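A.B. asks: In our numbering, the protein residues as written are 151 to 436. Here you go, one structure.
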């Protein structure tokens, strides 16, 4: 398909436009050109996007499109794409990455509309490049749940994954999330990147436990990304639930529940609370 943004008159359709995550100078020339020629901008928050448009010297009609937008809103946008250029932007970075938008893309494709992307800034990618941690294989997991049990259960899903893990987080929750990651994954190497591309950008590295202590004592401000290193070779065996249960039964035959659970959780890189709960259930059945 020919590049629909080369000409002075872009073809009608949906344009997914990445915007700066902090430094407004990071807007690409192509993104700025499409925003200038758009008939309508679907913005996560029109007040935030208005600042970018002001920086670019543009005045373009906008309409809100966010997590709470309903099916009628999407249908109206898709209908307009038949003969208008509709640009989709989030508050910062690449739309659809921990932001609303995938349903609009899905519906636009189903309607046969042109859908194209203008790649650019993304906080998750920027953070892993800053971290110095392995970047050949990684998983972006968005925000961890705020409640302790749900957070621990989510972390347990990633414990045996041999890849760097990337999370978004807020300042007030950062210390608790780092402590939960240390509990569920072991005391791995990690990095906390914040205010990326802004004046006070920083990337602090260390163990999860050390970072948890640092940020519990002094919660930071700004946009935050956590990057966690993969488990080291030999740090944990990868096994399915049946193998873990077998190991628990063997450990329970000679040890108290708490000690058996701790030993097996460490061996297999599992969440200790989840393994303890399973150990109690197995103990009752012995």
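All C-beta atoms in this analysis are idealised placements derived from N, C-alpha and C, irrespective of residue type, glycine included. Being a predicted model, the structure only gives us computed values, none of them experimental.
Here's the rule: buried if 16 or more other CB atoms are within 10 angstroms of the residue's CB, otherwise exposed. What is residue 240?
C.D. replies: It counts as buried.
A.B. asks: Can the beta-carbon of residue 172 be found less than 7 Å from the beta-carbon of residue 299?
C.D. replies: No; because the gap between Cβ atoms is not below 7 Å, this pair is not in contact.
A.B. asks: Can you tell me where the beta strand (DSSP E) holding residue 214 begins and where it ends?
C.D. replies: First-last of the beta strand (DSSP E) with residue 214: 212-214.
A.B. asks: Whose C-alpha, out of 336, 193, 322, is nearest the C-alpha of residue 416?
C.D. replies: Minimum Cα distance to residue 416 is reached at 336.
A.B. asks: Cα-Cα, which of 362, 340, 369 is closest to residue 353?
C.D. replies: When only C-alpha atoms are compared, the closest one is 340.
A.B. asks: Between the C-alpha atoms of residue 242 and residue 180, what's the straight-line distance to the nearest angstrom?
C.D. replies: One C-alpha to the other measures close to 17 Å.
A.B. asks: So within the region 264-302, which uninterrupted beta strand (DSSP E) runs reach at least 3 residues, ignoring any that extend past its ends?
C.D. replies: The qualifying runs are 265-268, 288-293.
A.B. asks: Which of the three DSSP states is assigned to residue 433 in this structure?
C.D. replies: Residue state, collapsed to three classes: helix.
A.B. asks: Would you kindly check if the distance between the Cβ of residue 343 and the Cβ of residue 375 is under 7 Å?
C.D. replies: Yes.
A.B. asks: Tell me, please, which residues DSSP counts as bridged to residue 237.
C.D. replies: Bridge partners of residue 237: 165, 191.
A.B. asks: Does the structure place the region 403-420 close enough to the region 290-297 that three or more beta carbon pairs sit under 8 Å?
C.D. replies: No, the region 290-297 does not touch the region 403-420.
A.B. asks: If you draw a straight line from the alpha carbon of residue 310 to that of residue 419, how long is it in whole angstroms?
C.D. replies: The alpha-carbon atoms of residue 310 and residue 419 are separated by roughly 6 Å.
A.B. asks: Suppose only complete runs of 3+ residues qualify. What are the beta strand (DSSP E) ranges in the region 324-391, listed by chain order?
C.D. replies: Counting whole runs of 3 or more residues, the region 324-391 contains the beta strand (DSSP E) stretches 339-344, 352-357, 374-378.
A.B. asks: What does a CB cutoff of less than 7 Å around residue 402 pick up in its chain, not counting 5 residues either side in sequence?
C.D. replies: Answer for residue 402: 410, 429, 432, 433, 436, listed in chain order.
A.B. asks: With H, G and I counted as helix, E and B as strand and the rest as coil, what does DSSP make of residue 172?
C.D. replies: Reduced to three states, the DSSP call for residue 172 is coil.
A.B. asks: Do the CB positions of residue 355 and residue 325 come within less than 7 Å of each other?
C.D. replies: In this structure, residue 325 does not lie closer than 7 Å to residue 355 by Cβ.
A.B. asks: My output table needs one value for residue 314: the three-state DSSP class, helix, strand or coil.
C.D. replies: Correct three-state label for residue 314: strand.
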